[in-house]
Amino acid sequence: PYIRDIFHKGLYIAKHSKEEIAIISFIIVLILVVITKVYFGKGHPLRGGMPSGHAALAFSAWIAVTFIAENFTASLLSFILASIIAQSRVTTKVHTWWEVFLGSLMGAVVTLLLFRIFL
Numbered sequence: 058p059y060i061r062d063i064f065h066k067g068l069y070i071a072k073h074s075k076e077e078i079a080i081i082s083f084i085i086v087l088i089l090v091v092i093t094k095v096y097f098g099k100g101h102p103l104r105g106g107m108p109s110g111h112a113a114l115a116f117s118a119w120i121a122v123t124f125i126a127e128n129f130t131a132s133l134l135s136f137i138l139a140s141i142i143a144q145s146r147v148t149t150k151v152h153t154w155w156e157v158f159l160g161s162l163m164g165a166v167v168t169l170l171l172f173r174i175f176l
């Protein structure tokens, strides 16, 4: 039926629930982090290295909460939590500020794009 619909309605992007987009975003961000860590070859794909996976997932969660909750307080609190997680990666000397910044940017941008495309 899906292929038949393409011929009748044309190619379109299926819409998904906010929760589905959030889960898909987390999975894609996680895969991108591991691939990027392997590419840069610094640290271990699951510990340390470029970019920070913790920061990427934390900021991905912030964007997801912002879209799902549609509430300023929830968005602000999740941003503060994501910032604390990112800062802790630098404080514990697992990552540099640059690695944390790029991880945060990756998580937020990928999740934002997926919500914009599929919502």
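Note that my numbering has the sequence shown beginning at 58, numbered continuously upward.
The beta carbon of each residue, even a glycine, is placed where N, CA and C say it ideally should be.
Predicted model only: the values in this text are computed from it and were never measured.
Inset, instruction - Figure out for me which residue from Leu162, Asn128, Glu127 and Ile78 has the closest Cα to the Cα of Ser109. - result: Leu162
Legend entry - Sub-7 angstroms separation of Phe116 and Ala165 beta-carbons: yes
Legend entry - Burial state of Thr148, where buried means 16 or more other Cβ atoms lie within 10 Å: exposed
Legend entry - Straight-line gap, Met107 to Leu87 (C-alpha atoms, nearest Å): 13 angstroms
Legend entry - 4 or more residues per run - each alpha helix (DSSP H) lying fully within the region 127 to 163: 129 to 148
Legend entry - Nearest neighbour of Gly160, chosen from Ala113, Val122, Leu171 and Leu169 [CA to CA]: Ala113
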